[in-house]
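**Student:** One structure follows; several queries about it will come next.
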Amino acid sequence: MGIKWTLIKIFLDLFFRNNFMSKLSNRVNAISESQTIAMARKSRELKAKGVDIISLSLGEPDFATPQIIKEAAKKAIDDNFSYYTHVSGYIELREAICKKFKRDNNLDYSPDEIVVSTGAKQSIANAVLCLVNDGDEVIVPAPYWVSYLEILKLAGGKPVIINTEIESDYKLSADQLKKAITSKTKLIMISTPCNPTGSVYSQQELKELAKVVAEYPDLYILSDEIYEHINFIGGHQSFAQFDFIKDRVITINGVSKGFAMTGWRGGIMAAPKWIAQACDKMQGQFTSATCSITQKAMHKAMELDYETYIKPMTDEFLKRRNLVLELMKDIKGLKTNVPEGAFYVYPEVSYYFGKQYNNFIIKNATDLSLYLLDEAHVALVPGAAFGEDNYIRFSYATNESILKEALKRMKKALDQLV
Ligand code: PMP
Ligand code: GLU
19 MGIKWTLIKI FLDLFFRNNF MSKLSNRVNA ISESQTIAMA RKSRELKAKG
69 VDIISLSLGE PDFATPQIIK EAAKKAIDDN FSYYTHVSGY IELREAICKK
119 FKRDNNLDYS PDEIVVSTGA KQSIANAVLC LVNDGDEVIV PAPYWVSYLE
169 ILKLAGGKPV IINTEIESDY KLSADQLKKA ITSKTKLIMI STPCNPTGSV
219 YSQQELKELA KVVAEYPDLY ILSDEIYEHI NFIGGHQSFA QFDFIKDRVI
269 TINGVSKGFA MTGWRGGIMA APKWIAQACD KMQGQFTSAT CSITQKAMHK
319 AMELDYETYI KPMTDEFLKR RNLVLELMKD IKGLKTNVPE GAFYVYPEVS
369 YYFGKQYNNF IIKNATDLSL YLLDEAHVAL VPGAAFGEDN YIRFSYATNE
419 SILKEALKRM KKALDQLV
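What follows is the structure, encoded as structure tokens:
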């Protein structure tokens with residue numbers, strides 16, 4: 019198709035979109051489309067046109083949802099479990115979630131501190147919209163997950179980005195955190211294991227951050243632990259384990275990643291009762307509750323034996339991570355940390371800036387992603403979506419032969435940049 023034509027198409031799309039923007043609310047105009055979803059959409063469109071695209075853009079497990087979960091959902095349909103439930107999720111499900119928090123994380127929660135939602139994304143939106151007022155500052159360590167900033171914009175919050183470095187495995191330090199806090203800081207948004215870097219905070223690292231938070235009684239933490247089960251070093255650590263700040267921690271979890279249930283849309287929030295009640299009120303006006311059948315499936319997921327059902331998937335992700343890191347050694351300009359969780363690699367790619375192929379000059383990681391899409395037919399997400407356009411993110415939640423082919427194509431395309 020040619021990279022110039024791709025750029026013309028992007029320009030035309032923007033032109034037509036701008037035409038309608040004045041008719042839309044300022045609220046929606048202020049936010050960007052999710053870049054992960056946009057890339058996935060572009061790959062689907064190209065695939066539909068017959069282009070042999072390998073999409074490593076969207077982070078979702080390629081595994082099927084475990085059969086036992088599917089059976090629970092089928093039974094729910096046959097049992098006519100098809101009515102509105104409690105907005106926060108039916109009580110036995112929330113009890114099962116409390117048991118999960120006790121069993122896996124040694125956290126004590128009661129069902130009225132749990133809100134089940136239509137995906138971790140909604141749980142995050144609920145919490146942010148319930149806590150953040152116009153002008154409140156929210157600390158977000160970068161690289162951050164794509165949707166944090168856009169959700170913050172919807173709430174009128176002011177993101178305070180703290181850049182982290184490869185040398186510290188992209189983790190936020192207590193010192194950095196302390197320096198960023200002002201009298202207006204309301205919330206910190208953080209993920210462990212982290213999307214996009216795969217970094218996993220240790221208990222000690224979290225404790226250092228928690229001690230800083232403890233000094234500021236009006237500061238809250240949104241701890242996004244959706245990748246809890248995809249952790250290659252074991253022993254997931256939750257922020258809420260520190261009793262001295264637990265009443266200010268909002269824990270986000272869900273079934274999308276660990277249980278291969280992205281399309282079911284099941285999210286979990288555990289938080290102090292007053293925050294849970296506010297999110298219940300918010301959700302009651304937006305979605306009423308997530309799907310009743312999904313809730314039954316989530317209920318089964320909460321009870322599954324980790325070793326039998328979850329660990330085999332995590333083991334497979336680890337094999338794939340090792341494969342990808344090994345193959346990347348042959349590609350000169352990709353500089354990465356060793357991700358200890360989630361299923362992404364996030365290499366720094368500035369080595370390629372200023373290089374060109376067929377008169378297309380790579381100026382940033384967005385150009386590089388466009389080039390790889392066009393030349394290698396591999397779809398990735400540019401780092402701009404996560405805070406810095408010197409990186410590309412690709413997901414390795416796909417099988418080994420596809421990964422080998424993708425890396426082979428990327429190497430060929432990258433090697434021809436001069
Ligand atoms: N948080 C992070 C860090 C994620 O990567 C994702 C990706 N889906 C989500 C939240 C949202 O997950 P869900 O599918 O449950 O909405
Ligand atoms: N969380 C995944 C990702 O980062 C899925 C996409 C999304 O929810 O935006 O790719």
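Its first residue numbered 19, the sequence shown is counted upward by one per residue in my numbering. We put the CB at the ideal spot given by N, CA and C, even for glycine.
Any idea if M316 is buried or exposed, counting beta-carbon neighbours within 10 angstroms, 16 or more meaning buried?
**Tutor:** buried
**Student:** Check Q374 in the structure and name its three-state DSSP category.
**Tutor:** Here DSSP, grouped into helix, strand and coil, assigns Q374 to strand.
**Student:** Would you check if the segment 322-330 and the segment 105-117 touch, i.e. whether three or more CB-CB distances between them fall below 8 Å?
**Tutor:** no
**Student:** Tell me which residues share the same chain as K373 and place their Cβ nearer than 7 Å to its Cβ, disregarding the 5 neighbours each side in the sequence.
**Tutor:** Cβ neighbours of K373 within its own chain (closer than 7 Å, five residues either side excluded): I380, L435, V436.
**Student:** Please confirm whether any heavy atom of the ligand GLU lies closer than 7 Å to the CB of S165.
**Tutor:** Distances taken from the Cβ of S165 to the heavy atoms of the ligand GLU include one shorter than 7 Å.
**Student:** Measuring alpha carbon to alpha carbon, tell me which residue in A402, Q222, D433 is nearest L167.
**Tutor:** A402
**Student:** Indicate the three-state DSSP secondary structure (helix, strand or coil) for K189 in the structure shown.
**Tutor:** coil
**Student:** For the putative contact between V156 and G285, defined by C-beta atoms under 8 Å, what is the C-beta separation to the nearest angstrom?
**Tutor:** The pair is not a contact, with the Cβ atoms about 20 Å apart (cut-off 8 Å).
**Student:** Do the segment 350-368 and the segment 204-217 touch if we need at least three Cβ pairs shorter than 8 Å?
**Tutor:** yes
**Student:** Is I328 helix, strand or coil by DSSP?
**Tutor:** helix
**Student:** So is K41 buried or exposed if we call it buried at 16+ other beta carbons inside 10 Å?
**Tutor:** exposed
**Student:** For P400, which beta-bridge partners are listed by DSSP?
**Tutor:** I410
**Student:** Considering just the uninterrupted stretch of the beta strand (DSSP E) at A160, what are its terminal residues?
**Tutor:** 155-160
**Student:** Below 8 Å on the Cβ atoms is my contact criterion, and I expect A307 with T103 to pass it. Report the Cβ-Cβ distance as a whole number of Å.
**Tutor:** 5 Å
**Student:** Measuring CB to CB, does F404 end up less than 8 Å from Y188?
**Tutor:** no
**Student:** I need the DSSP call for E358, collapsed to helix, strand or coil.
**Tutor:** Coil, per DSSP.
**Student:** What is the rounded straight-line gap between the Cα of L391 and the Cα of M331?
**Tutor:** 28 Å
**Student:** Should C148 and I49 be called a contact, given that it needs their Cβ atoms to be closer than 8 Å?
**Tutor:** In this structure, I49 does not lie closer than 8 Å to C148 by Cβ.
**Student:** Give every residue whose Cβ lies closer than 6 Å to any heavy atom of the ligand PMP, listed in chain order.
**Tutor:** G77, G137, A138, K139, W163, S209, N213, D242, I244, G272, S274, T280, G285
**Student:** Of the residues K65, Y101, L25, G68, which one's Cα is nearest the Cα of T312?
**Tutor:** The shortest Cα separation from T312 among K65, Y101, L25, G68 belongs to Y101.
**Student:** Under the criterion of a Cβ to heavy atom distance below 7 Å, does S61 qualify as lining the ligand GLU?
**Tutor:** no
**Student:** Can you list, in chain order, the stretches of the alpha helix (DSSP H) that have 4 or more residues and sit fully within the segment 63-96?
**Tutor:** 85-96
**Student:** Three Cβ pairs or more, each shorter than 8 Å: is that satisfied between the segment 236-251 and the segment 271-279?
**Tutor:** Three or more pairs of CB atoms, one per stretch, sit closer than 8 Å, so the segment 236-251 contacts the segment 271-279.
**Student:** What does a CB cutoff of less than 7 Å around K318 pick up in its chain, not counting 5 residues either side in sequence?
**Tutor:** I86, I87, A90
**Student:** Mind checking whether the beta-carbon of I270 lies closer than 7 Å to any heavy atom of the ligand GLU?
**Tutor:** no
**Student:** Taking the runs of the alpha helix (DSSP H) that are 4 residues or longer, which of them lie wholly in the segment 208-247?
**Tutor:** Fully enclosed alpha helix (DSSP H) runs of 4 or longer: 221-232.
**Student:** Could you check whether the Cβ of S186 sits closer than 7 Å to any heavy atom belonging to the ligand GLU?
**Tutor:** no
**Student:** How is the beta strand (DSSP E) around N271 delimited, first residue to last?
**Tutor:** 267-272
**Student:** Assign M320 to one of three DSSP states: helix, strand, or coil.
**Tutor:** helix
**Student:** My understanding is that F371 touches N382, with C-beta atoms under 8 Å, so please give their C-beta distance in whole angstroms.
**Tutor:** 7 Å
**Student:** If I measure Cβ to Cβ from V105 and keep anything under 7 Å in the same chain, skipping five residues before and after, which residues do I get?
**Tutor:** D298, Q301, G302, S306, A307
**Student:** Taking the Cβ atom as the reference point for each residue, do A160 and E423 lie within a distance shorter than 8 Å?
**Tutor:** With contacts defined as CB atoms closer than 8 Å, A160 and E423 fail to qualify as a contacting pair.
**Student:** For N98, which three-state DSSP category applies?
**Tutor:** Coil.
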